[in-house]
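One structure below.
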Amino acid sequence: MRIAKDTVVTLSYRVTDADGTIVDEGAEPIIYLHGGHGGLFPRLEEALEGKEAGHELCVKLQPEDAFGEYDAELVSVEDASLFPDNVVVGMQFERVMDGKQDEAMLFSVTDVADGKVVVDGNHPLAGMALIFDCTVSEIRAASAEELEHGHPHYPGHHHH
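The opening residue of the sequence shown carries number 10 in the numbering used here; numbering runs sequentially from there.
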């Protein structure tokens with residue numbers, strides 16, 4: 010079977026940055042519904058189209074094909090009084106952006122000092138070119154339920 014629209018694909022993978030530093034070791038495989046369902050970067054889906062189980066490929070994604078360019082406007086310095094007393098670097102929280110009441114974004118605390126907290130709404134890998142080394146492990150036809158839900162179902166995965 011070849012990868013095509015509405016197939017469920019299992020990939021083993023490793024992600025590195027442009028310098029070869031491992032960004033994601035890929036401890037768990039990626040299992041996604043192929044064909045524009047939002048489970049994988051579109052550029053990576055394009056590269057996988059038509060491949061068979063066992064196929065190995067290396068795809069370089071520019072920032073715009075992965076997590077986007079780094080946006081300095083998503084970084085802000087806030088007064089620490091707006092946060093819990095135990096705020097530490099690495100904490101994450103959702104914040105509704107001005108004028109976008111139905112869209113909460115995930116922000117990470119990147120610094121805490123002198124009564125101020127620095128928060129960043131960029132994905133940690135924003136602005137980075139990423140290299141995906143992956144192997145197609147398995148391909149199968151999606152079930153009617155998976156197509157209806159727009160994502161694969163597999164052991165340990167939440168069912169509706």
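We treat Cβ as the ideally placed atom computed from N, Cα and C, and that holds for glycine. Being a predicted model, the structure only gives us computed values, none of them experimental.
* Asked: Closer than 8 Å: is that where the CB of M106 sits relative to any heavy atom of the ligand ZN?
  -> For the ligand ZN, the structure offers nothing, since it holds no ligand at all.
* Do you know offhand how far V121's Cα is from M106's? -> 22 Å
* Asked: What number of angstroms, rounded off, separates the C-alpha of G77 from the C-alpha of Y41?
  -> 21 Å
* To do: Please say whether R104 and V84 have beta carbons closer to each other than 9 Å?
  => no
* In whole angstroms, what separates the C-alpha of A135 from that of I12? -> 28 Å
* Between the region 137-144 and the region 88-96, are three or more C-beta pairs nearer than 8 Å? -> no
* Boundaries of the beta strand (DSSP E) in which L70 is found, first to last residue -> E65 to L70
* Could you tell me which residues DSSP pairs with A150 in its beta bridges? => T16
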